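Residue numbers (the numbering used here), protein chains in the order written: chain A, 1389 to 1732; chain B, 1389 to 1732; chain C, 1389 to 1732.
Idealized CB from N, CA, C, for every residue including glycine.
Predicted model only: the values in this text are computed from it and were never measured.
The structure appears below as structure tokens.
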Amino acid sequence: MLTLSRLAQLIGAELVGDPEAVVTRAQSFESAAAGDVTFAANAAYLTRLNNSSATAIIVKSAEPGMRSNLLIAPSPKLAFARALQILHTKPYRPSGVSADLLLGEGAVLGEDSSIHPRVTVGSNARIGDRVTLHSGVVIGERCSIGDDTVVHANVAIYDDCQIGKRVIVHSGTVIGSDGFGFVADNDGRQVKVLQLGRVVVEDDCEIGANCAIDRGGFGDTVLKRGVKLDNLIQVGHNTEIGEDTVVAALTGFSGGTRIGRQCTIAGQVGTNQHIQIGDGATITARSGVTKSVPAKAVMGGTIPAQDYNSWRRCQVLYSRLPQLAERLRRLERLIQDRGDGSEK
Amino acid sequence: MLTLSRLAQLIGAELVGDPEAVVTRAQSFESAAAGDVTFAANAAYLTRLNNSSATAIIVKSAEPGMRSNLLIAPSPKLAFARALQILHTKPYRPSGVSADLLLGEGAVLGEDSSIHPRVTVGSNARIGDRVTLHSGVVIGERCSIGDDTVVHANVAIYDDCQIGKRVIVHSGTVIGSDGFGFVADNDGRQVKVLQLGRVVVEDDCEIGANCAIDRGGFGDTVLKRGVKLDNLIQVGHNTEIGEDTVVAALTGFSGGTRIGRQCTIAGQVGTNQHIQIGDGATITARSGVTKSVPAKAVMGGTIPAQDYNSWRRCQVLYSRLPQLAERLRRLERLIQDRGDGSEK
Amino acid sequence: MLTLSRLAQLIGAELVGDPEAVVTRAQSFESAAAGDVTFAANAAYLTRLNNSSATAIIVKSAEPGMRSNLLIAPSPKLAFARALQILHTKPYRPSGVSADLLLGEGAVLGEDSSIHPRVTVGSNARIGDRVTLHSGVVIGERCSIGDDTVVHANVAIYDDCQIGKRVIVHSGTVIGSDGFGFVADNDGRQVKVLQLGRVVVEDDCEIGANCAIDRGGFGDTVLKRGVKLDNLIQVGHNTEIGEDTVVAALTGFSGGTRIGRQCTIAGQVGTNQHIQIGDGATITARSGVTKSVPAKAVMGGTIPAQDYNSWRRCQVLYSRLPQLAERLRRLERLIQDRGDGSEK
């Protein structure tokens, strides 16, 4: 429960309206009622602004005729995300350590933990303060888990992996499984290349459900600070993902991919081995990136991914191939007719 | 063990043959022997009909010369699916509640359950009658699980999710993980958009192995009655899938996708955010659907998905691009030659 | 710790250098130091050979001026994989059987096992000698697990599945979930086709993290000896994968796919139902294989996959469609001008 003047201060917005009005919830535009703060995601909402019974609406700029309490912020979505956190984050309350915790020899547990029942922690692992481990979590030997990290139910973390602070790992995700390394022998049998590296997940990462993040062959697979992965993502051995990069579901990174910081990788993307994707690049959905990509590039298409705008032009022409073929056929006939004519 | 007259009645087929003959199993055409009922999936099987030693064969229509006992049904595959259920469904026998069940405060368990060892149920959850929870299942607080539902090993269901009656959830699936919502701040750091909604899985759904179904941001992610999901499927936040729609493996629905009823979505399909797929639409394998699709549409291709038949024409021409380019080159040369000639 | 003469013998290499020099580790070229053996993966490394402080380097052939101890092997990568195994495989030491093992009635446990805490084994299952089952593993009734197999944390294996010897199953993988079989009834409701078959995983297979391998409808889904699957792979019911075939991440095989031996299937590939892929075929990344493919074929592209080289030609022309269209337009104008001219 906050006054608008206080909320405005906390989310970095300018208030136009009643500073003493009080909000208790952040809500979507459609559902917002008295007592709620909401936001106008785009221009379409602005026309419906005065129909909302929300107590306050976050907008990009105040316009004449707007009768609501307005919170003006350069990025309404960002300001709203902050309002959501301020109004809805449940304060952390340690639930304590379940009596059935299996803590390996030499493992260390921090303070104020929330260790749910049926958690297994390997020997010499170090678990930080205020860590939440949900039921069914299995943590290998010599792992470390940073302060304030939450690991959801049935996550498996193999030996020797390092997870930073304030990380969230969603259910079913596997961290540290062997990279896919095999060499065929003379009989065509696959000989395993042992995978001796680790996985390092730095602070403030979030990893979705049922991802698979392989350990390095030599050296580490690394998610740098602030990486956000959606669900069902494959991260091959020795891949490194740069700070604040976001990756959507069902994307797969081959071994040794090096992705820059603040990249946007859409869903069902794939990358070739050992390529680099520069800082700030965008890869649109379902692209197969076969070659290295410079910083800030926007790539799209199928396989191989192309410059996004070039691809769009190609794709439009692809969808017109029947017409192009017909025009070609007509030209051929015309030329043949004329040719026949001139040669007669 | 059933007489053919009784079986015919139960599966809605017309019997041509011995009403007192007895079957004990349903079997594939290749393996069917005396005592078995099988079916002829297509015309290829009809020629081999008299070679089968099956006691009865389900066919679409009786033809002269067929010597087997025939069960005539408009959809042999459907009739056979029913025969399979009738002859092979194991009657439900409650295995009881494992002594090690961890049942949160205020949680309620129905009657005649089969709660295997090592199950965790959160506080205030409600579990219906005749529910089977396999080992390693973790159910969050305030969840509800309907009567006769089966949840396989190592499934994780987050707080506040609702699962209907007669639902089957296969192993490793995650229901209710956070949707993928982030907004970059001025420094490019990703600020989490809290995900306050739920997942609602209605009656008679089946969800394959290792799927990830995110909770809504606001409001719910919904699988309507009778939805069938294959394995490794991503369902983004606030997606709604209509009644009786089937979805094949490795498909991903972005946030806010709205899929109609009785749609067929093939494998490795992807959808753009906030689009709608109309009732009865078919999306063929590996299509990236970028725009809303009307009811009964058939879409295919890569990205963007197109009308299926248009795409097939384009794709045939794509595979002939070398010939098209060669024809263009020939024309250019011809015209240049003639041009040169006429200007000489 | 091995002398080079001994190592050369064990990995089948010829030594050029000091037979008494000693190595203790196998390391990547970049990190190799004194006491290490490494390998030159390709020609680029050869120029840096004399800069390495590795005690020995595996190469394809000795060249004048190479001053390191050389181990000459026809496939340096294969020889190195063997060196890795020789120097880094931890000898198996049984950790014993956790006191909390839940072993179903009639289940049999082999000798020298490593059964971690919180493992559940169904009735009448047979677990071989020296098997490692990590925490959270759930094995169904009547399963069999061969000698020396390792099943990682939180794997679920359904009833009646058979896993061979020396198999590795990574965390989160599901073996034996129901195949995706449904038939619509007259009201469009999906009727389940019961899945009565099994999964058979033969000796020496390795299955990555979070895969889903469905049981057969009738008969079995089979991974033949030596198959290697990466992470997040879908294997539909009754699919059979031939010996020594390798499959990269996020690939999906529809029901009844029959893949030959020693095939290479890259990432994010999909296959149509009931097709066959011949022995030794290669399917490049992100191809949708819609038709059967002969032995040794190389297929690529999007959907439908084509002969790889044909596809590459098509794809190059696809990326030049704007130029092709422009040339066509120019020709049309030219012809129209001439036509107009000649008809005036």
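key: Arg1718(B), buried or exposed, once every other Cβ within 10 Å from all chains shown has been counted against 16   = Per the 10 Å Cβ criterion, exposed.
query = Name the chain C residues whose beta carbon is nearer than 9 Å to that of Gly1576(A)?
reply = Against chain C, the beta carbon of Gly1576(A) has neighbours under 9 Å at Gly1614, Glu1631, Asp1632, Arg1649, Gln1650 and Gly1668, listed in chain order.
key: Residues within the stretch 1538-1554 of chain C neighbouring chain A, beta-carbon criterion of under 8 Å   = Within the stretch 1538-1554 of chain C, the residues whose Cβ lies closer than 8 Å to some Cβ of chain A are His1540, Ala1541 and Asn1542, listed in chain order.
query = Would DSSP call Phe1427(A) helix, strand or coil?
reply = Correct three-state label for Phe1427(A): strand.
ask   = When the cut-off is 8 Å and only beta carbons count, does Ser1419(B) lie next to chain C?
value = The C-beta of Ser1419(B) comes closer than 8 Å to at least one C-beta of chain C.
key: Collapsed DSSP secondary structure at Ser1559(C) in the structure displayed   = Coil, per DSSP.
key: For Ile1551(A): DSSP bridge partner residues   = For Ile1551(A), which the question treats as bridged, DSSP gives the partners Ile1533(A) and Val1589(A).
message = Against chain A, does Ala1636(C) count as a neighbour if the rule is that its beta carbon must be under 8 Å from one of theirs?
response = Closer than 8 Å: yes.
inquiry  = Is the beta carbon of Asp1632(C) closer than 8 Å to that of Gln1578(A)?
reply    = Yes, these two residues count as a Cβ contact at 8 Å.
inquiry  = If we define contact as Cβ-Cβ less than 8 Å, is Leu1709(A) a contact residue for chain B?
reply    = Nearest CB-CB separation between Leu1709(A) and chain B: below the 8 Å threshold.
ask   = Which two residues bound the contiguous alpha helix (DSSP H) that contains Val1704(C)?
value = DSSP places Val1704(C) in the uninterrupted alpha helix (DSSP H) bounded by Tyr1696 to Ser1707.
ask   = For the 8 Å Cβ check, are there 3 or more pairs between the stretch 1604-1614 of chain A and the stretch 1405-1425 of chain C?
value = A contact is defined here as three or more CB-CB pairs under 8 Å, and the stretch 1604-1614 of chain A meets this definition with respect to the stretch 1405-1425 of chain C.
inquiry  = Please classify Asp1575(C) as buried or exposed, where buried requires at least 16 neighbouring CB atoms within 10 angstroms.
reply    = Counting Cβ neighbours within 10 Å, Asp1575(C) comes out exposed, since fewer than 16 surround it.
message = Cutting at 6 Å between CB atoms, please list the residues of its own chain near Glu1731(C), excluding the five before and the five after it.
response = Low confidence applies to Glu1731(C): its pLDDT is 43, below 50, so where it sits in the model is not reliable, and the reading given next is rough at best. No residues qualify anywhere along the chain.
ask   = Over what stretch of residues does the alpha helix (DSSP H) that includes Ala1469(B) continue unbroken?
value = DSSP places Ala1469(B) in the uninterrupted alpha helix (DSSP H) bounded by Pro1464 to His1476.
task = Measuring alpha carbon to alpha carbon, tell me which of Ala1544(C), Ala1428(C), Phe1468(C) and Met1454(C) ends up nearest Val1571(A).
result = Selected option, being the one with the closest Cα: Phe1468(C).
query = In this structure, does DSSP put Arg1436(C) in helix, strand or coil?
reply = DSSP, read as helix, strand or coil, puts Arg1436(C) in coil.
message = If contact is defined by three or more beta carbon pairs under 8 Å, each pair taking one atom from either stretch, is the stretch 1654-1673 of chain A in contact with the stretch 1681-1693 of chain A?
response = With a cut-off of 8 Å, the stretch 1654-1673 of chain A and the stretch 1681-1693 of chain A count as touching, because enough Cβ pairs lie within range.
request  = Kindly list the residues whose CB is nearer than 6 Å to the CB of Gly1341(C), restricted to its own chain and excluding five residues on each side of it in sequence; keep chain order.
outcome  = Nothing can be reported for residue 1341(C): it is not among the residues displayed for chain C, which extend from 1389 to 1732.
key: beta strand (DSSP E) segment containing Ile1446(C), residue limits   = Taken as a continuous stretch (DSSP letters only), the beta strand (DSSP E) holding Ile1446(C) covers Ala1444 to Val1447.
ask   = Hey, is Arg1715(A)'s beta-carbon within less than 8 Å of any beta-carbon in chain B?
value = Arg1715(A) has a beta carbon lying at 8 Å or more from every beta carbon in chain B.
message = For Ala1693(B), count the other beta carbons within 10 Å of its own beta carbon; 16 or more makes it buried, fewer makes it exposed. Which is it?
response = Answer is buried; the Cβ neighbour count reaches 16.
key: Same chain, Cβ closer than 6 Å to Asp1398(B), neighbours up to 5 away in sequence not counted   = Note on residue identity: the sequence assigns Leu, not Asp, to residue 1398(B). Cβ neighbours of Leu1398(B) beyond the five flanking positions: Ile1474.
Interface partners of Ile1723(B) on chain C, CB under 9 Å = Neighbours of Ile1723(B) on chain C, chain order: Leu1719, Leu1722, Ile1723 and Arg1726.
ask   = How would you label Glu1493(B), buried or exposed, when you count the other beta carbons within 10 angstroms and need 16 or more for buried?
value = The residue is exposed, with fewer than 16 neighbouring Cβ atoms inside 10 Å.
inquiry  = For chain A, check one thing: does any of its Cβ atoms lie closer than 8 Å to the Cβ of Gly1573(B)?
reply    = Reading off the sequence, residue 1573(B) comes out as Asp, not Gly. Yes - at least one Cβ of chain A is within 8 Å of the one on Asp1573(B).
ask   = When you compare only the Cα positions, how much space is there between Gly1689(B) and Pro1505(B)?
value = Between Gly1689(B) and Pro1505(B), the C-alpha separation is close to 47 Å.
message = Is Leu1332(B) close to chain C? Criterion is C-beta to C-beta, closer than 8 Å.
response = Since the first residue of chain B shown is 1389 and the last is 1732, residue 1332(B) is not available in this structure.
inquiry  = So that I know if they touch, is there some Cβ in chain A lying closer than 8 Å to that of Leu1390(B)?
reply    = Taking CB atoms only, Leu1390(B) has no neighbour in chain A less than 8 Å away.
ask   = For Gly1630(A), which option in Asp1591(A), Leu1390(A), Leu1722(A) and Arg1586(A) has the closest C-alpha, if you only look at C-alpha atoms?
value = Of the candidates Asp1591(A), Leu1390(A), Leu1722(A) and Arg1586(A), the one whose C-alpha sits nearest the C-alpha of Gly1630(A) is Asp1591(A).
query = For Ser1441(B), which beta-bridge partners are listed by DSSP?
reply = Residue pairing by DSSP leaves Ser1441(B) without any beta bridge partner.
query = Just checking, does the stretch 1554-1567 of chain A make contact with the stretch 1583-1602 of chain A on the three C-beta pairs under 8 Å criterion?
reply = Enough Cβ pairs lie closer than 8 Å, so yes.
message = I'd like the list of long-range same chain contacts for Gln1550(B), defined as Cβ closer than 6 Å, with 5 residues on each side in sequence excluded.
response = Correct list, in chain order: Ser1532 and Val1588.
query = To which residues of the same chain is Thr1435(B) closer than 6 Å at the C-beta, ignoring the five residues directly before and after it?
reply = Correct list: empty, nothing qualifies.
message = Distance cutoff 8 Å, beta carbons only. Does Thr1690(B) sit that close to anything in chain A?
response = Answer yes: the Cβ-Cβ gap between Thr1690(B) and chain A drops below 8 Å somewhere.
request  = Anything in the stretch 1578-1592 of chain C with a Cβ closer than 8 Å to a Cβ of chain B? List those residues in chain order, please.
outcome  = Contact annotation: in the stretch 1578-1592 of chain C, residues whose CB is within less than 8 Å of a CB in chain B are Gln1578, Val1579, Lys1580, Val1581, Leu1582 and Leu1584.
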